[in-house]
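One structure is given below, encoded as structure tokens.
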Amino acid sequence: TPFVLPLESLQAVAESAGLQWVNSDAEKIRAVQAAMAAEPAPAHLPRERKPAPVIDEGPLVLVETRKDLSQIKLPFETAQGSSPQG
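Note that the working numbering has the sequence shown beginning at 6, numbered continuously upward.
Below, the structure written as structure tokens:
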């Protein structure tokens with residue numbers, strides 16, 4: 006059996022708090038539920054997959070990621086005394 010709300014006690018609680026109990030129309034609820042059940046399910050569109058990346062099969066290249074910068078003269082270090090031309 007479906008659960009039945011004790012409307013009288015709920016209405017009394019609402020009125021004691023200065024509120025008004027509003028109950029939904031059961032017939033309208035059933036009509037909307039039937040309309041929702043009658044709706045056709047949306048068609049499932051599978052996700053389009055991205056093409057697999059091409060893996061380079063060539064030789065590996067060693068990349069230097071650390072360099073001693075104490076011996077390298079950078080452009081802003083060499084042009085300290087000269088004024089910029091523009």
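Every residue gets a Cβ at the ideal spot worked out from N, C-alpha and C, and that includes glycine.
From what residue to what residue does the alpha helix (DSSP H) around Pro-11 run? In the sequence shown, counting from the first residue as 1, residue 11 sits at position 6. Judged by DSSP secondary structure, Pro-11 falls outside any alpha helix (DSSP H); it is assigned neither H nor E.
Simplified DSSP assignment, three categories, for Arg-71: On the sequence shown, position 66 is the one that residue 71 refers to. In this structure, Arg-71 counts as coil in the three-state DSSP scheme.
Check this for me: beta carbons of Ala-36 and Trp-26, under 8 angstroms apart or not? Within the sequence shown, numbered from 1, the residue matching residue 36 stands at position 31. Within the sequence shown, numbered from 1, the residue matching residue 26 stands at position 21. Not closer than 8 angstroms, so no.
Helix, strand or coil, according to DSSP, for Ile-60 in the structure here? The residue given as residue 60 occupies position 55 in the sequence shown. Coil at Ile-60, not helix or strand.
Arg-54: first and last residue of the uninterrupted alpha helix (DSSP H) it sits in: Here residue 54 refers to the residue found at position 49 of the sequence shown. Note, Arg-54: premise wrong, no alpha helix (DSSP H); not H, not E.
From this set, Ala-31, Leu-24 and Ala-22, which residue's C-alpha is nearest Leu-10's C-alpha? Position 5 of the sequence shown, counting from 1, holds the residue named residue 10. Put simply, of Ala-31, Leu-24 and Ala-22 the residue whose alpha carbon is nearest the alpha carbon of Leu-10 is Ala-31.
Should Asn-28 and Leu-12 be called a contact, given that it needs their Cβ atoms to be closer than 8 angstroms? Your numbering for residue 28 matches position 23 in the sequence shown. Your numbering for residue 12 matches position 7 in the sequence shown. Yes; because the gap between Cβ atoms is below 8 angstroms, this pair is in contact.
Taking Gln-38 as part of the alpha helix (DSSP H), name the residues at either end of that continuous run. Here residue 38 corresponds to residue number 33 of the sequence shown, with the count starting at 1. Per DSSP, the continuous alpha helix (DSSP H) segment holding Gln-38 begins and ends at 31-43.
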